[in-house]
Each structure stands twice: as structure tokens, then as C-alpha cells.
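Numbering (my numbering), first residue to last: 1021 to 1568. Just so you know, even glycine gets a beta-carbon here, dropped at the ideal spot from N, CA and C. Inspection log for the structure reproduced underneath, given as C-alpha cells.
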């Protein structure tokens, strides 16, 4: 068919092409992605590059229509990804649904920071069909720029003569397809200054905390046989690689296999400069099948790393195994394990040649169209390095061993959703495990309005302490992307035996909102009043930013 409409401009062509790419990779803005595992520093997903995820993508963790947290992808494999938490409004759990926010390159995409407060479910992205423009083959593609820069202020007055203020600036910038080539540049950092008053002589009155998380240049052709990146890296061939000042290269052997190697310095993130704590190098092998619809898929990554101190002494040697199996949204299984290989002084301290440092296993099954069950187990153990060896003996790390399991059920039907679950966690050398349970109920589109109503209740008991946290919340969403939310909550902690001490309770009310302004500017604000035995004051947050 011949296109009889006027020839589109370059900007229009790029916008339409980008919309078509987005539409082909994302069948709907509400993706079928779930949280598979949560560690102390990362959130792991059951989707990866094959599902359209990419480094620096922003995602919302949603439970029964309510935004729980805002994530950013910092590692992506074929069928898995790990994320860092940018903002948290609740506890992220295995089985939580994750929604990929609109691409920051899209002209009509909402502000990245719109997800800081709960936002309505985005509408499906329409498919755009465009007739070929012969001259487009000779146009040099533009460099794609995405990211956000913001300035924020926080004040905290918990009462009892104490107060603190915090000024923070952060930058997250990404350039892709630089000069029409498969090159990308990534910069992430933050500057923070905290001032305190009334906390006593043991707490510093002022603190500076500046961080450079990533400054890297990457070459990664989508169908290429070879890819590499160098600089300060925050992602690698496997999720437990950590930060690296150096280089990483990968060779792809057909469509299923890839091998990679890396090497460089271990950066000291507590300093803004490029100081290091020693060296790190290693390699990995990855096997991954293509993921299509509800067809079964598999992904397995085996990697290893060796870390050395500045003087060349052994700091840590470990291997890791990460695997994922599943079939669309019907079921999935995720496994992750780190095994430390102890040599030299580490073997003398631990008395063994190897030990499982961290391990996780979780699975999810869709029981019916409205009901899903998720079961998870994880164990965490602190490990010795050359830096902490002189300070903390092995027996301290033995006491820090934790393991636990959790079962959760999630039900959704006709605007209603409910979640129920519980689990236990135990620590070594402690007889009584800690038990916890949660119950949530949510109603979207209440009274036929853009109103979300919900309530949450969490209970815990461990050792001689037990308590609960409860909250009621409401959120009104506006068409322009603005929203306002109100949360009322309370908590109580008591001793199992009254002779051990009195119970303590706290109550709070929180008002928050997001404004989407012209020229890609956003504002986010939050104000909280609290009263009780531990808190008797206020907390305020204001952040303004610009989206590239």
C-alpha cells in the first residue's frame, strides 16, 4: 500500500519507530513479571533480556494494585534480572508482580519518579504501523538519552530533642546507540549531606556520603558474537559479581551458550574517588533457551571469582550457580547459591575447605486464573574477607547465620485482591525461631472512581518479643499522572512475659503526592506525623527532578 500522507519528520519517524519497537517487545504495559527472590541488597526477577528488560530499566513492584517499591535493573541475563531498590513503600516479597514503566526514551512516557508514589495501572501500549520511508535508510540514527537528575530535601524530627536534615542530589544517565552504533554510556551517582542534632557525642553531627555507582562504556550489538564493557561496572555475568573497576568481555557461542571473563580492581564505594581494596577477576558460562509465550524455558549460569587484597593476599574465592526454569506465567523455579572456597588463612579460620555462603530456592504456581501460590527458602551467612578479618573473628560470623522459609497465597478477582502468608526464620545458637505472618486486602476502582482503598496487617513473634504493624491507605489518581495518597498506621511491641518490660506502641499518619509538570519536570512530596513511645514528631520529604 502506498503512503499518501505527508512525509513524516525525523522526530516523528524516530518516535513512531520507538513506539513500534516498544509495542513489539511489550505486548502490554502490565507485564507478566514476578519477584523470584529478595536478598538484603537486591531484588531478583523471573524475566530478563528475552522479555524486553534492559539495564537501567525502571520497574514498579505492585501488590494488589498498590505500588510497593520502585526498582532499577542493574543486571540482566536472558531470562533473569536483578534490581536495586530506589524507593520502598513496603516490604518486597517473592511472588510480587512487577510492571515495567514506560520507556524513558518515549516522549509521552510518564516521569520516572511518578512511581515514587502509587500510580494507576498503565494502559496497553498501542501498536503503531508505519509505511517505509526510503530516505530513512540513509539517516544516521540519533543517540538515545534517558535518565533523571534530581535534588531532594528531607527533615526528620522524631521528638525527644533529636532532629536531622538531609540534602541529596542524584544523577542517573544513560546514552544508547551512540552515533548509531551499539555503544552505550552509563553514569550513576549521588551526593548526600546529613546534619544531626541532639543525638549525643557518639553520633557525628554532620556526615558526607558521596557515591559513584557506575561510570561505564559498553559495546553490545544485539546479534553480535562479542560484547564488552569497561569502567566502573555495577553488573556482570552473574548477579553476585558486585562492583568492579575494570573490564568484562563475553563471547556468544550460537543462540544458547555464552562464555565471559572479567578483571580489575575492587572499588571502595565509600569514597567518591577511584580508590580500591584490591583486585578481582574471574569467568562464567551461561546457557539460556529462548522464552516464547507459555513454552518451557531454562537458564543456567555458572561463574567464579577470586578477590585479592592490596598486598596480594587472598580475600575471597567463590563460585556461584544461578538457574531458572519455568513456563510463561504458569509456573517458575528460581535457584541461587554461592559457595566459598577457603584457602590459606581462610581455611585456618573456618576449619573447612568450602561452605555454602548464600542460597535461595523459590517457586511459584498459578493454581487458577485468580489464585497463585509461592514458596521460598533462603539462607544467609556473612563471610570472612581480608578487610574484616582483623576485626571480626569467625565465631561472630557463625552467629550471623540465618535461614528461613515462607509460603504466600495471592488472590485477585473483579477489582478485589488479597494476600495471605507466613513463615519462619531462625538464627544459629538461638532456640526459638522468629515467626511472622501478613494479611492484605485491596479494592481498586472503589465506588466507580479512580480510588484505591486497602489495609495491611503484619504480625511477628521471636524470642521474648511479639508485635504487629497495621495500616489503612487510600490513593486518588488523576488523568494527568498526578496522585495523592493517605496512610494511617500503628504498631505495638510487647514482651511475651510482662515482667520483662512494658509494651511500646506508635501511631502515624502520612500524606504524599506526585505532580507531573511541563518540560519533563516532576515533584514528589511526603509529610508524616507520628506519636508514641518511640516517635513523637514529624518527617518531611521534597524532591524535584528532570527527566532526560
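request  = Return yes when the Cβ of residue 1424 is within less than 8 Å of the Cβ of residue 1398, no when it is not.
outcome  = Numbered from 1 along the chain shown, position 378 holds the residue referred to as residue 1398. Numbered from 1 along the chain shown, position 404 holds the residue referred to as residue 1424. Taking the C-beta atoms as reference points, residue 1424 is found nearer than 8 Å to residue 1398.
request  = Determine the DSSP secondary structure at residue 1406, reduced to helix, strand or coil.
outcome  = Counting from one through the chain shown, the residue named residue 1406 turns up at place 386. If DSSP states are grouped into helix, strand and coil, residue 1406 belongs with coil.
Through-space distance from residue 1557 to residue 1177, alpha-carbon basis = The residue you call residue 1177 lines up with position 157 of the chain shown. The residue you call residue 1557 lines up with position 537 of the chain shown. Roughly 5 Å separates the two Cα atoms.
key: Bridge-paired residues (DSSP) for residue 1305   = Working through the chain shown from its first residue, we reach residue 1305 at position 285. When DSSP reads this structure, residue 1305 sits in a beta bridge with 1279, 1322.
task = Just mark residue 1335 as buried or exposed, buried being the case when its beta carbon has 16 or more other beta carbons within 10 Å.
result = By one-based count along the chain shown, residue 1335 stands at place 315. Residue 1335 is buried by the Cβ-count criterion.
inquiry  = With DSSP as the reference, identify every bridge partner of residue 1370, one or two as the case may be.
reply    = Working through the chain shown from its first residue, we reach residue 1370 at position 350. For residue 1370, which the question treats as bridged, DSSP gives no partner whatsoever.
Span separating the alpha-carbon of residue 1242 from that of residue 1077 = Position 222 of the chain shown holds residue 1242. Position 57 of the chain shown holds residue 1077. A direct Cα-Cα distance of roughly 17 Å separates residue 1242 from residue 1077.
ask   = Relative to the C-alpha of residue 1325, which residue among 1268, 1288, 1426, 1223 is closest?
value = One-based indexing of the chain shown puts residue 1325 at position 305. Selection 1268, 1288, 1426, 1223 evaluated against residue 1325 yields 1268 as nearest (Cα-Cα).
message = For a minimum of 3 consecutive residues, which ranges assigned as the beta strand (DSSP E) are wholly contained in the segment 1200 to 1267?
response = Fully enclosed beta strand (DSSP E) runs of 3 or longer: 1203 to 1217, 1226 to 1239, 1246 to 1253.
ask   = Using the beta-carbon count (16 or more within 10 Å), is residue 1476 buried or exposed?
value = Start at 1 with the first residue of the chain shown, and residue 1476 comes out as number 456. Per the 10 Å Cβ criterion, buried.
request  = Look up residue 1104 in the DSSP assignment and give the residues it is bridged to.
outcome  = The residue labelled residue 1104 in the question sits at position 84 within the chain shown. Beta-bridge pairing links residue 1104 to 1092.
Helix, strand or coil at residue 1568 [DSSP, three-state] = Within the chain shown, residue 1568 is the residue found at index 548, counting from 1. Residue state, collapsed to three classes: coil.
message = So, does the segment 1087 to 1094 touch the segment 1425 to 1439, judging by three or more C-beta pairs under 8 Å?
response = No, because fewer than three Cβ pairs between the segment 1087 to 1094 and the segment 1425 to 1439 fall closer than 8 Å, the two stretches do not touch.
task = Please name the residue or residues paired with residue 1173 in a DSSP beta bridge.
result = For the purposes of this step, residue 1173 is taken as residue 153 along the chain shown, with counting starting at 1. As DSSP reads the structure, residue 1173 sits in a beta bridge with 1187, 1562.
Other residues of its chain near residue 1140: CB distance less than 7 Å, five sequence neighbours each side excluded = Within the chain shown, residue 1140 is the residue found at index 120, counting from 1. Residue confidence is low: residue 1140 scores 36 on pLDDT, short of 50, so the model does not pin down where it sits. No coordinate-derived value is stated.
query = From residue 1380 to residue 1062, what distance separates their C-alpha atoms?
reply = Position 360 of the chain shown, counted from the first residue, corresponds to residue 1380. Position 42 of the chain shown, counted from the first residue, corresponds to residue 1062. One C-alpha to the other measures close to 13 Å.
request  = Report the residue from 1521, 1541, 1377, 1523 whose alpha carbon sits nearest the alpha carbon of residue 1341.
outcome  = In the chain shown, the residue the question calls residue 1341 occupies position 321. The shortest Cα separation from residue 1341 among 1521, 1541, 1377, 1523 belongs to 1377.
task = Quick one: residues in its chain with C-beta nearer than 6 Å to the C-beta of residue 1211, no 5 flanking neighbours on either side, listed in chain order?
result = The residue given as residue 1211 occupies position 191 in the chain shown. Counting only Cβ-Cβ distances below 6 Å, and skipping sequence neighbours, we find 1189, 1230.
query = According to the neighbour-count rule (16 or more other Cβ atoms, all chains shown, within 10 Å of its Cβ), is residue 1323 buried or exposed?
reply = In the chain shown, the residue the question calls residue 1323 occupies position 303. That one is buried.
query = In whole angstroms, what separates the C-alpha of residue 1461 from that of residue 1400?
reply = Counting from 1 along the chain shown, the entry for residue 1461 is found at position 441. Counting from 1 along the chain shown, the entry for residue 1400 is found at position 380. The straight-line gap from Cα to Cα measures roughly 31 Å.
ask   = Should residue 1027 be labelled buried (16 or more other beta-carbon atoms within 10 Å of its own) or exposed?
value = What you label residue 1027 is simply residue 7 of the chain shown in a count that begins at 1. The predicted model places residue 1027 with a pLDDT of 41, which falls under 50 and marks its position as unreliable, so this point remains unresolved.
message = With DSSP as the reference, identify every bridge partner of residue 1551, one or two as the case may be.
response = Residue mapping note: residue 1551 aligns to position 531 of the chain shown, counting from 1. Beta-bridge pairing links residue 1551 to 1527.
key: Beta-carbon proximity of residue 1303 to residue 1276, cut-off 8 Å   = As a first step, residue 1303 must be located in the chain shown, where it is residue number 283. As a first step, residue 1276 must be located in the chain shown, where it is residue number 256. In this structure, residue 1276 does not lie closer than 8 Å to residue 1303 by Cβ.
request  = Can you give me the start and stop residues for the beta strand (DSSP E) that residue 1053 sits inside?
outcome  = Taking the first residue of the chain shown as position 1, residue 1053 is located at position 33. Boundaries of the beta strand (DSSP E) harbouring residue 1053: 1053 to 1058, taken from the DSSP string.
key: Cβ pair residue 1525, residue 1114 closer than 8 Å   = Along the chain shown, one-based indexing puts residue 1525 at 505. Along the chain shown, one-based indexing puts residue 1114 at 94. Going by C-beta atoms, residue 1525 is not nearer than 8 Å to residue 1114.
inquiry  = Between the alpha carbons of residue 1478 and residue 1446, how many angstroms are there, rounded?
reply    = Your numbering for residue 1478 matches position 458 in the chain shown. Your numbering for residue 1446 matches position 426 in the chain shown. Taking the straight line joining both Cα atoms gives about 18 Å.
key: Supposed contact pair residue 1343 and residue 1319 - C-beta distance, whole angstroms, cut 8 Å   = Numbered from 1 along the chain shown, position 299 holds the residue referred to as residue 1319. Numbered from 1 along the chain shown, position 323 holds the residue referred to as residue 1343. Going by Cβ atoms, the distance from residue 1319 to residue 1343 rounds to 7 Å, so yes, they are a contact pair.
query = Which term fits residue 1536, buried or exposed, when burial requires 16 or more other beta carbons within 10 angstroms of its beta carbon?
reply = Here the question's residue 1536 lines up with position 516 in the chain shown. When all chains shown are included, residue 1536 counts as buried.
message = I'd like the list of long-range same chain contacts for residue 1389, defined as Cβ closer than 7 Å, with 5 residues on each side in sequence excluded.
response = Along the chain shown, one-based indexing puts residue 1389 at 369. Closer than 7 Å at the Cβ level, and outside the excluded window around residue 1389, lies no residue.
inquiry  = Which residue marks the beginning of the beta strand (DSSP E) containing residue 1509, and which one marks its end?
reply    = Your numbering for residue 1509 matches position 489 in the chain shown. Segment 1503 to 1515, the beta strand (DSSP E) holding residue 1509.
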